[in-house]
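Report on one structure; see the data block that follows.
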Amino acid sequence: MDDTSSTAEPTARAEPCVFLDSRRGCAKGDQCRFSHLPCSQDGITRPRKARRQRMKECILQCFLSTDFDQMQEALQKEARRHPYARRVIQGYLNNASFIHFDKDDAGEFAVISV
Ligand SMILES: [Zn+2]
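In terms of full-length UniProt numbering, the sequence shown is residues 1 to 114.
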């Protein structure tokens, strides 16, 4: 049990990982710096249509990143901005057939094919 050495940022808040709730899960596993503890999605309000549309566009932009870490950072930022974004991200991860995850030497990344 020497896993205490990895807590370099003890002040960092445990922000739930955006991939956690999706069916494919988080590719980073134990390496993920976001929280993998289950979080409640109760009481999340659905924003107005215009806001949802903008949210979806932002989230799709995030998926265009070829760097997995960058993509996750961008998605986490969206989720931080509005809790509903987490549901949108989850929906894409679970259902969007145009989002694939691929791997290269640098790790896993998302590929969009329309
Ligand atoms: Zn994660």
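No residue lacks a Cβ here, since even glycine has one placed at the ideal position from N, Cα and C.
Because the structure is a prediction, the values reported are computed rather than measured.
**Length of the line joining the Cα atoms of Gly29 and Met55** = One-based indexing of the sequence shown puts residue 29 at position 29. One-based indexing of the sequence shown puts residue 55 at position 55. One C-alpha to the other measures close to 26 Å.
**8 Å Cβ cutoff met for Val18 and Ile99** = Indexing the sequence shown from 1 puts residue 18 at position 18. Indexing the sequence shown from 1 puts residue 99 at position 99. No; because the gap between Cβ atoms is not below 8 Å, this pair is not in contact.
**Request:** Check each residue's C-beta against every heavy atom of ligand 1 and list, in chain order, those closer than 6 Å.
**Result:** Cys17, Phe19, Leu20, Cys26, Lys28, Cys32, Phe34 and His36
**Prompt:** Mapping DSSP to helix, strand and coil, what is Ile99?
**Reply:** As a first step, residue 99 is located in the sequence shown; it is residue number 99 there, counting from the start. It is a strand residue.
**Item:** Supposed close pair Ser35, Pro16 - CB separation, criterion 8 Å
**Value:** The residue given as residue 35 occupies position 35 in the sequence shown. The residue given as residue 16 occupies position 16 in the sequence shown. Right, their Cβ atoms sit about 5 Å apart.
**Request:** May I have the straight-line CA-CA distance separating Gln76 from Ile59, to the nearest angstrom?
**Result:** What you label residue 76 is simply residue 76 of the sequence shown in a count that begins at 1. What you label residue 59 is simply residue 59 of the sequence shown in a count that begins at 1. C-alpha separation (whole angstroms): 10 Å.
**Request:** From the DSSP output, in three-state form, read off Glu15 for me.
**Result:** Translated into the one-based positions of the sequence shown, residue 15 becomes position 15. Looking at Glu15 - three-state DSSP - the assignment turns out to be coil, as it is neither helix nor strand.
**Asked** Going by beta carbon distance, what residues of the same chain come within less than 7 Å of Pro83, once the five residues before and after it are set aside?
**Response** To locate residue 83, count along the sequence shown from 1; it is residue 83. If we look at Pro83 and ignore the five residues flanking it on each side, its Cβ neighbours are Ile44.
**Prompt:** What distance in whole Å lies between the Cβ atoms of Ala79 and Cys62, which are believed to be in contact at a cut-off of 8 Å?
**Reply:** Position 62 of the sequence shown holds residue 62. Position 79 of the sequence shown holds residue 79. Contact doesn't hold; Cβ gap of about 10 Å is too wide.
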